[in-house]
Every structure is written in C-alpha cells, then in structure tokens.
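*Asks:* Pasting a structure here, questions to come.
Quick look at the structure:
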C-alpha cells in the first residue's frame, strides 16, 4: 500500500524499509528508543530507521526488568505511538515470542501492522522469556518456532498490509551454532525476511553467519556489556550485516544522567547542570524537540487564534 498526499503517492514506512534493505550501499544503524521523547530526539537527528526496544518499553512503561512481563497490548500501544510520530520513518519493534500460540502470534502481527510498524522480530524462547543477554534462557522446539513464522506470514497475507518479519533465535548459547543456523534457515524458508542470530560471540562467527544466510539480510544486536562484541555500524557493514540495532542506547545514557540529577536534588535541595558548566534547558526548548513549533503552525493554519502571536 502507498500513502497519498495531495494526490501524490509516497512510499509507506514498510516500503521504505524494504528499499533500504535492498540497497547494497546501506547498513541501517537504528537507535533504540522506548518512548515518545527519546523517539523525537532520534528523529531530530535524521535517522533512516528507529528501533523500539522491548527492554526499554518494559522498564519505562512498567518499571520492571525485561523478564517477559510486558504484554502484547503494552508493546503495541508503545509501538503505535512511536511509529506515528513520523510515519515516514520506519520503526522496527521487538515483538518477543508473539505472546502465545499460532492464533496469538497472528493477532500480534496484525496489530503491529495496523499500528504502522515497519518491521518486527519474533524469537524462539518460551513465552515466559527473558532478555537475550541473560543466562538460563529456555527455547521452544524447532517445529514450534517455525510455526510462529507460518502464523506470522498467514496473518501478514490476510491483513492486506505488510511488515518485515525478522527471525531471531537465542539457540546459540543453548544448543550451539549449527542448531541456531538451522532454525534461522527454517524460518526464512517459510517467509521470514531477515535473520537475527542473538548473542554472536566474535567477528569470525558473525562473518560466517552472514555468509551462510546470504542473500537474506542479517541483523546485529549491539548490547554494551552483553555477550556480543561492540561492533560499530561500519564494522557491521564490513562483516556483512544490513541492520544494527542499539536497544540500550537511550536507557544506558538516561540512567547516570537522571541519577546524578536526583542525587543533587536530594543532597543540595536543587539541581545544577549534570555536566559542570553545561547548558540548562528551558521548557520551551524541550517542547520544541517534541514539535512545539509545528503544532502552533498547524493551529494557525486551521484558523486558531491561540498561537497567532506564538507562545
């Protein structure tokens, strides 16, 4: 489907994502965002694609660790909001295990499509999952994993829409490299578009993975302090990856900054700039990140009087 504005058709977000994946010169570096504010900041910097982190969504919406606690409704609600801040910029979103059996996986795919999400990844952990960089993960049998993608593809076809389906496996740590590759190839064989080997251990293994899955685009998950190397986008491109997601980007930098500010408030009764001599930001400047000027302009164009003289 194509979006239409003033009689002119333009590509939808999922069409843009598919075009980016087909471009041999592109490797997408996707910043991990978890709410409207972090998404706005990333959009302001002009990224081609964003990534909605499941861990960040769970932590920000529920205040809990990424232990399979977020429901489909939690994830869809957040993804819909982020995807529709700027529908021209594709959003890839975590969809965990699909949240149940085949019928539930199909419902999840349909809801993500209707939410405007351009790409989503499904994994082979049991429904009561945990972060891919924690120990003790339990996986479903191969046939159940493949059935998740059969259900996902059926739902995609029935939706009259589209979404890029990303097959993630956590089998590397549990069952070894060969089993993990076999799982990804089986998912691709039934319709998955992208392969995601979680927990890659070194560059040699990453290069082997990308070559074995070619021509299927491959995704690398950059989690500082996790089990995988800290590949840059450039390094990932050299290895053969088409997508690099940075799920911890925002949650990692927010933690020390906010913690330092609240400590100042606790100890001094006021907050100074977290960085000595740094800039303090006014409400107006912060609102501008979230579209203040555009909203005022819209109101004036629609005949409103409230912002004719600005704010």
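Residue numbers (full-length UniProt numbering): 1 to 311.
Beta carbons are placed, not taken as given, at the ideal position from N, Cα and C, and that holds for glycine.
(1) Give the range of the beta strand (DSSP E) segment to which residue 298 is assigned.
(2) Below 8 Å, can you find three or more Cβ-Cβ pairs linking the region 296-305 to the region 92-108?
(3) Determine the direct distance from the alpha carbon of residue 216 to that of residue 330, and round the result to whole angstroms.
(4) Looking only at C-alpha atoms, which of 165, 212, 191 sits nearest to residue 179?
(5) Quick one: residues in its chain with C-beta nearer than 6 Å to the C-beta of residue 99, no 5 flanking neighbours on either side, listed in chain order?
(6) Classify residue 146 as buried or exposed, calling it buried when 16 or more other Cβ atoms lie within 10 Å of its own Cβ.
(7) Identify which residue in 270, 255, 227, 176 has its Cα closest to the Cα of residue 56.
(8) Give me the Cβ distance between residue 186 and residue 142, rounded to the nearest whole Å; I'm assuming they're in contact under 8 Å.
(9) Where does residue 29 fall in DSSP's three states?
(10) In chain order, what residues of the same chain have a beta carbon less than 7 Å from the beta carbon of residue 81, not counting five sequence neighbours either side?
(11) Can you list, in chain order, the residues of its chain with a C-beta nearer than 7 Å to that of residue 314? Leave out the 5 residues immediately preceding and following it.
(12) Considering only their Cβ atoms, is the gap separating residue 249 from residue 90 smaller than 7 Å?
(13) Locate the beta strand (DSSP E) running through residue 157, then write down its first and last residues.
(14) From this set, 242, 160, 158, which residue's C-alpha is nearest residue 166's C-alpha?
(15) Which of helix, strand or coil does DSSP assign to residue 181?
(16) Considering only the alpha carbon of each residue, which of 28, 247, 10 lies closest to residue 238?
(17) Give me the Cα-Cα distance between residue 15 and residue 26, rounded to the nearest whole angstrom.
(18) Taking 8 Å as the limit between beta carbons, can you name the residues of its chain near residue 17, skipping five residues before and five after?
(19) Per DSSP, residue 196 forms a beta bridge with which residues?
(20) Is the CB-CB distance between residue 34 and residue 245 below 7 Å?
(21) Out of curiosity, what's the CA-to-CA distance linking residue 160 and residue 194?
(22) Please identify the residue among 311, 247, 284 whose C-alpha is closest to the C-alpha of residue 221.
(23) According to the Cβ coordinates, are residue 85 and residue 39 closer than 7 Å?
(24) Quick test of your reading: residue 289 and residue 41, contact by CB under 8 Å. State the CB separation rounded to the nearest angstrom.
(25) Using only CA atoms, which one of 240, 191, 190 lies nearest to residue 204?
(26) Quick one: what's residue 52 bridged to in DSSP?
*Replies:* So, from the data block:
(1) Start at 1 with the first residue of the chain shown, and residue 298 comes out as number 298. First-last for residue 298: 292-301, but that is the alpha helix (DSSP H), not the beta strand (DSSP E).
(2) Judged by Cβ distances under 8 Å, the region 296-305 makes no contact with the region 92-108, as fewer than three pairs qualify.
(3) Here the chain comprises residues numbered 1 to 311, so residue 330 is not present and cannot be evaluated.
(4) By one-based count along the chain shown, residue 179 stands at place 179. Of 165, 212, 191, the residue nearest in Cα terms is 212.
(5) Locating residue 99 in the chain shown gives position 99, counting from the first residue. Same-chain partners within the cutoff: 72, 108.
(6) Within the chain shown, numbered from 1, the residue matching residue 146 stands at position 146. With 16 or more other Cβ atoms inside 10 Å of its own Cβ, residue 146 counts as buried.
(7) Taking the chain shown and counting its residues from 1, one reaches residue 56 at position 56. Nearest option by C-alpha distance: 255.
(8) Your numbering for residue 186 matches position 186 in the chain shown. Your numbering for residue 142 matches position 142 in the chain shown. So it is a contact: roughly 6 Å between Cβ atoms.
(9) On the chain shown, residue 29 is found 29 positions in, with the first residue counted as 1. DSSP places residue 29 in strand when its eight states are reduced to three.
(10) The residue labelled residue 81 in the question sits at position 81 within the chain shown. Result list for residue 81: 36, in chain order.
(11) Residue 314 is absent from the model: the chain starts at 1 and stops at 311.
(12) In the chain shown, counting from the first residue as 1, residue 90 sits at position 90. In the chain shown, counting from the first residue as 1, residue 249 sits at position 249. The answer is no: Cβ separation not under 7 Å.
(13) Translated into the one-based positions of the chain shown, residue 157 becomes position 157. Bounds of any beta strand (DSSP E) do not take in residue 157; it lies within the alpha helix (DSSP H) bounded by 142-158.
(14) Numbered from 1 along the chain shown, position 166 holds the residue referred to as residue 166. Ranking 242, 160, 158 by Cα distance to residue 166 puts 242 first.
(15) Taking the first residue of the chain shown as 1, we reach residue 181 at position 181. In this structure, residue 181 counts as helix in the three-state DSSP scheme.
(16) On the chain shown, residue 238 is found 238 positions in, with the first residue counted as 1. Of the candidates 28, 247, 10, the one whose C-alpha sits nearest the C-alpha of residue 238 is 28.
(17) Here the question's residue 15 lines up with position 15 in the chain shown. Here the question's residue 26 lines up with position 26 in the chain shown. Near 15 Å, if we compare the C-alpha coordinates of residue 26 and residue 15.
(18) Mapped onto the chain shown, residue 17 falls at position 17. Correct list, in chain order: 49, 90, 92, 118, 119, 164.
(19) Here residue 196 is taken as the residue at index 196 of the chain shown, counted from 1. In the DSSP output, where bridge partners are listed per residue, residue 196 has 168, 219.
(20) In the chain shown, residue 34 corresponds to position 34, counting from 1. In the chain shown, residue 245 corresponds to position 245, counting from 1. No, these two residues do not count as a Cβ contact at 7 Å.
(21) Stepping through the chain shown from its first residue, residue 160 is reached at position 160. Stepping through the chain shown from its first residue, residue 194 is reached at position 194. Each residue's alpha carbon lies about 21 Å from the other.
(22) As a working note, residue 221 is residue 221 in the chain shown. Cα-wise, what sits closest to residue 221 is 247.
(23) Within the chain shown, residue 85 is the residue found at index 85, counting from 1. Within the chain shown, residue 39 is the residue found at index 39, counting from 1. Yes.
(24) Mapped onto the chain shown, residue 289 falls at position 289. Mapped onto the chain shown, residue 41 falls at position 41. Contact holds; Cβ gap of about 6 Å.
(25) Taking the chain shown and counting its residues from 1, one reaches residue 204 at position 204. Distance from the Cα of residue 204 is smallest, within the candidate group 240, 191, 190, for 240.
(26) One-based indexing of the chain shown puts residue 52 at position 52. Paired residue(s): 33, 93.
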